[in-house]
Amino acid sequence: MPTINGAVVLVTGANGGLGSHFVYQALERGATKVYAAARTPKEWDDDRIVPLFIDVTDLGSIADAVDLASDVNVVINNAGAANGASVFGDLSAARALFETNFWGALAVTDAWAIALRSTGGTVLNVLSVLSWLGIGDAYSASKAALWQATNTQRLQLAPAGVHVAALHLGYADTPMTEGIDAPKLDPADVVRTAYDGLEAGDYEILADELSVQVKAGLAAPIEVLYPQLDRSVA
Numbered sequence: 755m756p757t758i759n760g761a762v763v764l765v766t767g768a769n770g771g772l773g774s775h776f777v778y779q780a781l782e783r784g785a786t787k788v789y790a791a792a793r794t795p796k797e798w799d800d801d802r803i804v805p806l807f808i809d810v811t812d813l814g815s816i817a818d819a820v821d822l823a824s825d826v827n828v829v830i831n832n833a834g835a836a837n838g839a840s841v842f843g844d845l846s847a848a849r850a851l852f853e854t855n856f857w858g859a860l861a862v863t864d865a866w867a868i869a870l871r872s873t874g875g876t877v878l879n880v881l882s883v884l885s886w887l888g889i890g891d892a893y894s895a896s897k898a899a900l901w902q903a904t905n906t907q908r909l910q911l912a913p914a915g916v917h918v919a920a921l922h923l924g925y926a927d928t929p930m931t932e933g934i935d936a937p938k939l940d941p942a943d944v945v946r947t948a949y950d951g952l953e954a955g956d957y958e959i960l961a962d963e964l965s966v967q968v969k970a971g972l973a974a975p976i977e978v979l980y981p982q983l984d985r986s987v988a
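Going by my numbering, the first residue of the sequence shown is number 755, and it counts up by one from there.
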């Protein structure tokens with residue numbers, strides 16, 4: 755069963771709203787070291803936290819980070835972006851979104867795959883309820899792609915004893931959601947649920963009731979998730 759106690763944890767996007775909670779709560783659960791990875795690493799107030807430069811869109815920075823953090827056995831793919839990109843028109847913003855939310859997360863896990871296999875480590879991919887709902891446009895598409903890739907990672911790494919989990923949540927109260935007028939989750943609660951799920955051996959961790967409801971709705975006709983498509987409603 756995965757455990758954070760005694761682990762060496764890598765958190766990408768560590769400076770963000772969820773990221774800082776992933777860092778501190780890992781220590782609260784007994785992690786011996788946490789690599790706090792970000793494009794602009796900052797100083798932390800604990801010697802067990804090691805700032806680490808990673809730009810998940812830059813393979814060179816990931817390779818350099820692996821050399822500096824070869825002892826990692828828990829990877830938290832938390833780095834993410836939202837830029838309002840659309841799947842129509844100029845797709846350059848959508849491509850940029852995929853570079854971070856999809857390709858970046860894959861590159862990080864791939865870079866530490868040898869270390870994870872040798873230790874029977876753990877991966878947590880931070881996804882979203884929008885992995886299952888297309889209302890987030892290109893953001894939804896990027897998270898849906900990572901959801902499916904997470905399933906593939908899970909199947910391929912399981913024989914080596916690597917546990918791969920996904921975290922799904924609605925809006926959390928972080929800088930990324932500042933302009934959104936909707937109920938928001940406490941980031942500390944989200945991270946607590948994520949670590950509880952990891953240590954329980956869960957593969958999919960649902961942080962809120964919205965994620966529970968939407969996942970259940972995937973088995974229903976498409977009009978249940980998207981009532982605007984229901985022709986019987988006029």
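The beta-carbon is built from N, C-alpha and C at its ideal position, and this holds for glycine as well. Only a predicted model underlies this, so the values are computations on that prediction, with no experimental measurement involved.
Extent of the continuous alpha helix (DSSP H) run through residue i
i: Val828; result: It is not in any alpha helix (DSSP H) - Val828 instead sits in the beta strand (DSSP E) that spans 828-831.
i: Phe807; result: Unbroken run through Phe807 is the beta strand (DSSP E), 803-807; no alpha helix (DSSP H).
i: Glu782; result: 771-782
i: Trp901; result: 892-911
i: Ile976; result: 976-979
i: Leu870; result: 867-873
Burial state of residue i (16 or more Cβ within 10 Å)
i: Ser885; result: buried
i: Pro975; result: exposed
i: Val763; result: buried
i: Leu822; result: exposed
i: Asn831; result: buried
i: Gln967; result: exposed
i: Val978; result: exposed
i: Val902; result: Here residue 902 is Gln; the residue named in the question, Val, does not match the sequence. Classification for Gln902: exposed.
i: Phe842; result: exposed
i: Pro981; result: exposed
i: Gln910; result: exposed
i: Pro756; result: buried
N-terminal and C-terminal residue of the beta strand (DSSP E) that residue i is part of
i: Thr876; result: 876-880
Residue(s) in a DSSP beta bridge with residue i
i: Ile959; result: Leu921
i: Ala790; result: Val765, Pro805
Among the options, the one whose alpha carbon lies nearest that of residue i
i: Glu963; options: Leu887, Ser986, Val883; result: Val883
i: Pro941; options: Ala847, Thr757, Asn769, Asn855; result: Asn769
i: Ser840; options: Val944, Ile889, Asp799, Val945; result: Ile889
i: Gly838; options: Asp956, Ser896, Phe807; result: Ser896
i: Asp943; options: Leu921, Gln910, Tyr957; result: Leu921
i: Lys787; options: Thr811, Val828, Ala819; result: Val828
Using 8 angstroms as the threshold, is the stretch 875-882 in touch with the stretch 917-924, meaning 3 or more CB pairs across them?
Segments in contact, yes.
Any contact of the stretch 848-856 with the stretch 796-806, i.e. 3+ C-beta pairs under 8 angstroms?
Look at the beta carbons and you see the stretch 848-856 not touching the stretch 796-806: under three pairs across the two are nearer than 8 angstroms.
May I ask you to verify whether the stretch 777-785 touches the stretch 944-956, counting CB pairs closer than 8 angstroms and requiring at least 3?
Taking 8 angstroms as the limit for Cβ pairs, the verdict is that the stretch 944-956 does touch the stretch 777-785.
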